[in-house]
Amino acid sequence: MELKKLDVPTTSITEVKKSPMDVFNQAREAGTAVYVFNREKVAGVMLTQEQYEKLLQELHALRARPIVEEIEEPAVEGLEEFLHIMRQALITGASISAKNLDERMVALGFITRKTGFGGVVDMISEL
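Numbering of the sequence shown is given in the numbering used here, commencing with residue 103 and proceeding in unit increments.
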């Protein structure tokens, strides 16, 4: 397995100890954080105060967005009713015949009838 070179600036913990300001300048010039390695493993990431505050602002903006966007109306009439029936059947453990399920699916726009041998698995996969 070939290791990929990081597309971001890197430095060693020794360089950070020698001159942390050089690492901050490196981050500022690159416009991104600098990965700090200690014994060939990432020990941390250094970025400027401005970069850190920008990340915090972006994080707060993302968290302020509404989580659920409005759901568009179903494209097929009767799909919501079919979904409700299927949920009830799954919750209560009620059985629904493959023929009945197939007919409802075809009526809602599914392409082919699949009531033959092995068709039930195909129908469930389509759902």
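Idealized CB from N, CA, C, for every residue including glycine.
Coil, strand or helix - Thr-150 by DSSP: Taking the sequence shown and counting its residues from 1, one reaches residue 150 at position 48. When DSSP states are grouped into helix, strand and coil, Thr-150 belongs to the coil group.
What whole-angstrom Cβ distance do Thr-145 and Phe-139 have, given they're in contact under 8 Å? Counting from one through the sequence shown, the residue named residue 145 turns up at place 43. Counting from one through the sequence shown, the residue named residue 139 turns up at place 37. Reading the sequence as shown, one finds Ala at residue 145 and not Thr. With a Cβ gap of about 6 Å, Ala-145 and Phe-139 count as contacting.
Leu-185 classed as buried or exposed, judged by whether at least 16 other C-beta atoms fall within 10 angstroms: The sequence position of residue 185 within the sequence shown is 83, counting from 1. So Leu-185 counts as exposed.
Sequence-distant residues of the same chain with beta carbon closer than 7 Å to Pro-168, five excluded per side: Within the sequence shown, numbered from 1, the residue matching residue 168 stands at position 66. Cβ neighbours of Pro-168 beyond the five flanking positions: none.
So Phe-139 is in the alpha helix (DSSP H); what residue range does that whole segment cover? As a position in the sequence shown, residue 139 is number 37, starting the count at 1. Looking at the DSSP string, Phe-139 is not in any alpha helix (DSSP H); the run it does join, the beta strand (DSSP E), is 136-140.
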